[in-house]
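Please read the structure below before turning to the comments.
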Amino acid sequence: MLYTPLNYQGNKSRIVDCLLSLLPQDVSSIHEIFCGSAVFSFASKANRVYLNDINTHITDLILYFHDNDANDIIEQADGIIGRYGLTNTFYEGRARYPENRHEGLSHYNKDAFNRLKADYNLDKDIAKLFVLSIYGFNHYLRFNAKGEFNVPVGKVDFVKTLRDKTQAYCSAIRNKEVVLSNYDFRSGELYRGVERAAVFYFDPPYLITQAPYNLFWTEQEELDLLDLIDELDAEGYRFILSNVIESNGKQNNLLCDWMTKYNVKHIHRQYLNSSYQKKNLSNADEVAITNF
Ligand SMILES: C[S@@+](CC[C@H](N)C(=O)[O-])C[C@H]1O[C@@H](n2cnc3c(N)ncnc32)[C@H](O)[C@@H]1O
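In my numbering, each number is its position in the sequence shown, counted from 1, plus 116.
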């Protein structure tokens, strides 16, 4: 099990052990084409991981965690939290901040968070972005067309679990040789000259679920990806594709038809769907599709 301190939407922490059990013993390197926080690659035994995501902010954060010691990252975050006057209940305790129902700590942090957001949008300091991801709504990493971080304040602060996740994530990354890129998944650069012993891992946006990065994912992207994977299969490459074929009454029929020619492992699970208004359990049929 490996958790990311970014709590990145759609990260594979909960099912990573199941995915790792599918990985062949002889894998030399992993090419993760939609890496997000790259939980799968970092939890694996592969020494070399090629991580690609169209979003440069997430790969910048990975570089930050790779190149810096976890204690320094935590110290930098605490420094920013102190300078901006955000709550830090890890040190201050919770009693000081009585919470109104549903509001969490947002009421206390709103102004400081907005000042930090404005400063980050000017200086693009990566340590500030990490703090914004901690204090932002649902830990979203969302940017507007001008490239400005535009998530409102969230309910939590830099709690112990996030500090522990920071330590664990940094130590998982530390010994890996990491190659980062920011191509669209269709770019030939990602597939040129890749050794046969490699495994491609695809965890794209899902057609039938919700996340900020799903907005630009249409049936056309889905079809392009499935064609591309068929080509890799024909060339003798191994792949794993994660996806959800059913969620909250919606079905991805395109994928259901396509996957019949490969091996399909169903990772049934329920997940907690939470928002300010409600908390409910949703059913999802999550799958891992492989050609080996
Ligand atoms: C489901 S998330 C991956 C989560 C990841 N497995 C993790 O553990 O954090 C899908 C990712 O695909 C990226 N993405 C969306 N469209 C893309 C594209 N056209 N090419 C490459 N990456 C893309 C998003 O930025 C997002 O980070």
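Each residue gets a CB set at the ideal place from its N, CA and C atoms; glycine is no exception.
For clarity, every value in this text was computed on a predicted model and none was experimentally measured.
N- and C-terminal bounds of the alpha helix (DSSP H) containing residue i
i: SER303; result: Counting along the chain, SER303 falls outside any alpha helix (DSSP H), and DSSP gives it neither H nor E.
i: VAL223; result: In the sequence as presented, Val is not what sits at residue 223; that position holds His. HIS223 -> alpha helix (DSSP H) spans 222-239.
i: ASN369; result: 369-374
i: VAL132; result: 132-136
i: GLU191; result: 186-200
i: GLU264; result: Careful: GLU264 lies outside any alpha helix (DSSP H) and carries neither H nor E.
i: GLU208; result: 205-208
Beta-carbon proximity of residue i to residue j, cut-off 9 Å
i: LEU414; j: LYS233; result: Residue 414 lies beyond the stretch modelled for the chain, which goes from 117 to 408, so this question has no answer here.
i: ALA327; j: ASN364; result: no
i: SER144; j: GLU311; result: yes
i: PHE253; j: ALA193; result: no
i: ILE178; j: VAL315; result: no
i: SER297; j: THR175; result: yes
i: HIS255; j: LEU167; result: no
i: PHE265; j: PHE150; result: no
Residue i - DSSP class collapsed to helix/strand/coil
i: ASN168; result: strand
i: VAL410; result: Any question about residue 410 goes unanswered here, given that the chain covers just 117 to 408.
i: ASN404; result: A small correction: the amino acid at residue 404 is Ala; Asn does not occupy that position in the sequence shown. Correct three-state label for ALA404: strand.
i: ILE149; result: coil
i: LEU331; result: coil
i: LYS276; result: helix
i: ASN123; result: coil
i: VAL247; result: helix
i: ASN216; result: coil
Run of the beta strand (DSSP E) containing residue i, from where it starts to where it stops
i: TYR317; result: 315-318
i: ILE77; result: One cannot answer for residue 77 here, as it falls past the ends of the chain, which runs 117 to 408.
Rounded C-alpha distance that separates residue i from residue j
i: GLU338; j: GLU362; result: 15 Å
i: ASN230; j: VAL269; result: 8 Å
i: HIS147; j: LEU342; result: 16 Å
i: TYR317; j: ASP346; result: 14 Å
i: ARG258; j: ILE197; result: 20 Å
i: ASP235; j: GLY201; result: 14 Å
message = Whether or not the segment 128-140 and the segment 374-385 are in contact is what I'm after, with contact meaning three or more pairs of Cβ atoms, one per stretch, closer than 8 Å; do they touch?
response = yes
query = Is the number of C-beta pairs between the segment 118-132 and the segment 154-168 that are closer than 8 Å three or more?
reply = yes
request  = Taking 8 Å as the threshold, find out whether the segment 317-337 comes into contact with the segment 279-287 through three or more Cβ pairs.
outcome  = In this structure the segment 317-337 does not lie against the segment 279-287, because fewer than three pairs of beta carbons, one per stretch, are closer than 8 Å.
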